[in-house]
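Residue numbers (UniProt numbering): 1 to 149. Glycine included, every Cβ here is placed at the ideal spot set by N, Cα and C. Working notes for the structure below.
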Ligand code: RB5
């Protein structure tokens, strides 16, 4: 499994914690930055991670900003991205099982590092259930096709 990870300055510390977790599990990843705590713009990091995921170069993305909101909104503008902002483990497995989410978004100012790692672990170890859920995702793709030309 290969992970693309990125953040803005608001998610910088939590990105480091998550990278430690990925390394402890020998999970391959690429860090798309940001690499300092200097103020920066979350859409830039959302775009790079989103493109890495929809190109299939990476299996999943993890994006972190202060709330997780801005960076997930930005990532979800890229056709094929299903970025899910999660602050609990139920949402983390449900969004893999039902939405086939391919990017997990987290808010460093919302969840502590312990819960965040549990959310990442749950997300990466849950499987899409297909079936009726695939039909609904196909309808999301149709919405993308209607508006992105
Ligand atoms: C940065 O201050 C903050 O606005 C950003 O990290 C994020 O929370 C936006 O949604």
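How about residue i: is its Cβ closer than 6 Å to a heavy atom in ligand 1?
i, result
"residue 34", "no"
"residue 8", "yes"
"residue 112", "no"
"residue 67", "yes"
"residue 16", "no"
"residue 70", "yes"
Roughly how many angstroms lie between the CA atoms of residue i and residue j, to the nearest whole one?
i, j, result
"residue 93", "residue 105", "13 Å"
"residue 29", "residue 129", "25 Å"
"residue 117", "residue 148", "34 Å"
"residue 70", "residue 82", "14 Å"
"residue 78", "residue 72", "10 Å"
"residue 103", "residue 20", "19 Å"
"residue 44", "residue 131", "34 Å"
"residue 27", "residue 5", "12 Å"
"residue 120", "residue 145", "30 Å"
"residue 57", "residue 86", "23 Å"
"residue 41", "residue 49", "14 Å"
"residue 126", "residue 76", "21 Å"
"residue 114", "residue 124", "16 Å"
If you count every other CB in all the chains shown that lies within 10 Å of the CB of residue i, and 16 or more means buried, which is it?
i, result
"residue 96", "buried"
"residue 122", "buried"
"residue 34", "buried"
"residue 18", "buried"
"residue 38", "exposed"
"residue 8", "buried"
"residue 139", "exposed"
"residue 36", "exposed"
"residue 90", "exposed"
"residue 25", "exposed"
"residue 108", "buried"
Between residue i and ligand 2, is the CB less than 6 Å from at least one heavy atom?
i, result
"residue 20", "This structure lacks ligand 2; the ligands present are ligand 1."
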